[in-house]
Amino acid sequence: MAEYMSEVLTNPAAGYYVRRDHVFGARGDFTTSPEISQMFGEMIGIWCMAMWAQMGRPSAARLVELGPGRGTLMADLVRGTSSFHEFSNAMSICLVEISPSLRRTQWETLGCVGTWSEQTTEGQTPSGMRISWHRSLEEVDAGACAGPALYVAHEFLDALPVHQFERGRDRAWCERLVDEAGPESPHHVRLVLSPGATPAVRAVLPLRTDGLPQHLRASMTAIEVSPQSMAVAEGLAQRVGMLGGAALIIDYGRDGPYRDSLVGIRDHGLVGVFDMPGTADLSARVDFDALRLAVGRAGAGAVMHGPISQAQLLLGLGMEVRLQRLLEEATPEEGEALIAGYERLVGGAESREDSMGDEGGTRREKKARNGGSVAKDRICEGMGLSYKAVCICPEGLEPVAFSMSSATEQPDIVDV
Ligand code: SAH
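Here the sequence shown is numbered in the numbering used here, starting from -15 and rising by one per residue.
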C-alpha cells in the first residue's frame, strides 16, 4: 500500500501533486486552512516569532515549511510579520516541495521577483527575504549553513505513504498489498493480504507496535503505520535538539494508531482509494503517538508537546483579537467572510469520532469507502477539533498555546 500511495501522489510523471497544480481551494479537490482564512498563516507567524524570541532572537535562522501547497500560509506569515523587522531580517525561507507545478505557484503567491523556470531553486520576496526550494530536509541541511530553524508542516504528514497490516490466519501479521486485478475490475488494482510476513512486517510494524502497551499489542487485529512520518518527526527532533529551534506540525489525526484511515479525496468529496489513481488525493490520518515515539527515539534532548486541538492553538495565539482588528476595517461582505473563516477554523461540530483502538474514520468516510456518496464541501467540517497540533522542541522551551491544558481537554470555545 505504501508504494502504491507514493506512486499515486508523487510519481515524477503522473503523481497527483506533481501533475495537478490546482488541487487546493474552492475549484480544487479540497480546501486547507491557509486557503480558508489569511488569519491561519498570520497566527502561525505569531507562533514562529514567539519561538524565535524564546530561542534568544538569533540574527540568522531558517524558516522551513514542509509541503507548502500554494504557498498561502507562508505568504500570510511573511506579510503578517513584515513590520517586525528584526524577525524578518533574521529569517531565510526554505520550502520543501517535490512538485514543480506547486513550486511555481509558491513562487507566484510569494510575489518573488524575476521569472520562474523549472530549474529555479532560489528566489526573493519583494521585501528582500531569501527563499530556496528543496526536495527534502536533507537537502535543506546541505544547502544552508547549519543553525537554528523553525519548521512548519501543515497537512504534510497525511500525504506520506502508510503501510497497512492485518492479522491473517493463526493471528500472524500480514501486509495489505496492492495487486493487479482482472479486466473485469473497474479499478484494475485490488487489495490483497500477503501470504506471510513481508519485509515491512518485520522492519516497519515493530517500529510502531513496540511503543504500544502490551494489552493493545495483543488484542489489535489491524494497524496502519507511516514510517516516513515517524522519520520526519525523528529528523526534526534531531535537528532542533542539536541546533536549536522548534517544529510545529498540524494535521488531522489522533493521539493513537488507526486500523485503516486511508481515503481518496476528489472534488471536495471522498472517493475510493483505487478510484482513478492520480486524479484524487490520498490522505491518511496522523497517529501523533507514533510521532512522540519517534521523537523519543531521536535521543537528541527534544520533546513533543501536544497534541492540542487546532482551536486551542489558534485561540491561544490570539486569533479572536486578530479577527476583531480585521473586522474594524472590513466591509460588511468582508466581515462575513472573516467570521465564516474563523468559525470554520476553530469550530468543532464533528468532534472526537475516534478513540484509541477504534476503527479509523468518520461515519461519512466509512460510507465513502463502502461506495456511498458524500456531500460536497463537508469533509472539513469541525476543523477546530479534528485538526491537531504538536510542537517538537528542545526541553526547556515553552511553546506558546501548548501549556494551558492537556491534549484530551477540548476548549470551551467551539460555539463561537
Ligand atoms: N500545506 C499546504 C499543502 C498541503 S498538501 C496547505 O495546507 O495548503 C501536501 C503538500 O506536500 C503539497 O505541497 C505536496 O506537493 C507536498 N508533498 C507531498 N509529498 C511530498 C514529499 N514526499 N516531499 C515533499 N513534498 C511533498
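Just so you know, even glycine gets a beta-carbon here, dropped at the ideal spot from N, CA and C. Bear in mind the structure is a predicted one, so any value in this text is a computation, not a measurement.
Residue i in three-state terms, based on DSSP
i      : result
Gly107 : strand
Glu150 : strand
Ser101 : coil
Val7   : coil
His171 : coil
Asp273 : helix
Ala284 : coil
Val279 : helix
Val384 : coil
Glu334 : Confidence at Glu334 is low in this model, with a pLDDT of 44, below 50, so the placement of that residue should be treated as unreliable; the coordinate-derived value is given next. Coil, per DSSP.
Asp163 : strand
Leu301 : coil
Pro291 : strand
Leu144 : coil
Residue i CB to nearest heavy atom of the ligand SAH below 7 Å
i       : result
Arg281  : no
Gly53   : yes
Pro18   : yes
Thr(-6) : yes
Phe140  : yes
Glu81   : yes
Leu144  : yes
Leu220  : no
Leu86   : yes
Tyr1    : yes
Leu57   : yes
Phe68   : no
Rounded C-alpha distance that separates residue i from residue j
i       : j      : result
Ser101  : Arg88  : 8 Å
Pro167  : Gly256 : 18 Å
Val185  : Ser267 : 22 Å
Leu94   : Val374 : 26 Å
Ser370  : Gly237 : 7 Å
Leu402  : Asp154 : With the chain covering -15 to 400 only, the question about residue 402 has no answer from this structure.
Val216  : Pro42  : 24 Å
Ala187  : Gly219 : 18 Å
Gly248  : Val80  : 23 Å
Ile323  : His147 : 40 Å
Met214  : Pro378 : 18 Å
Asn73   : Ser67  : 10 Å
Glu49   : Ile77  : 8 Å
Gly229  : Trp31  : 12 Å
Gln294  : Gly332 : 10 Å
Gly262  : Ser210 : 20 Å
Glu(-9) : Gly29  : 33 Å
Val7    : Ala286 : 35 Å
Arg3    : Gly53  : 13 Å
Leu134  : Pro179 : 44 Å
Leu196  : Gly98  : 52 Å
Beta-ladder partner(s) of residue i, from DSSP
i        : result
Tyr371   : Tyr236
Pro378   : Ala286
Ser(-10) : In DSSP, Ser(-10) forms no bridge with anything.
Ser267   : Val247
Leu177   : Arg160
inquiry  = So within the region 185 to 264, which uninterrupted beta strand (DSSP E) runs reach at least 3 residues, ignoring any that extend past its ends?
reply    = 206 to 209, 229 to 238, 247 to 250 and 253 to 255
request  = Please go through the region 17 to 49 and give each complete alpha helix (DSSP H) segment of 4 or more residues, from N-terminal end onward.
outcome  = As far as the region 17 to 49 is concerned, its whole alpha helix (DSSP H) runs of at least 4 residues are 17 to 20 and 22 to 38.
Unbroken stretches of the alpha helix (DSSP H), 4 residues or longer, contained in the region 55 to 140 = 56 to 65, 69 to 74, 84 to 93 and 121 to 127
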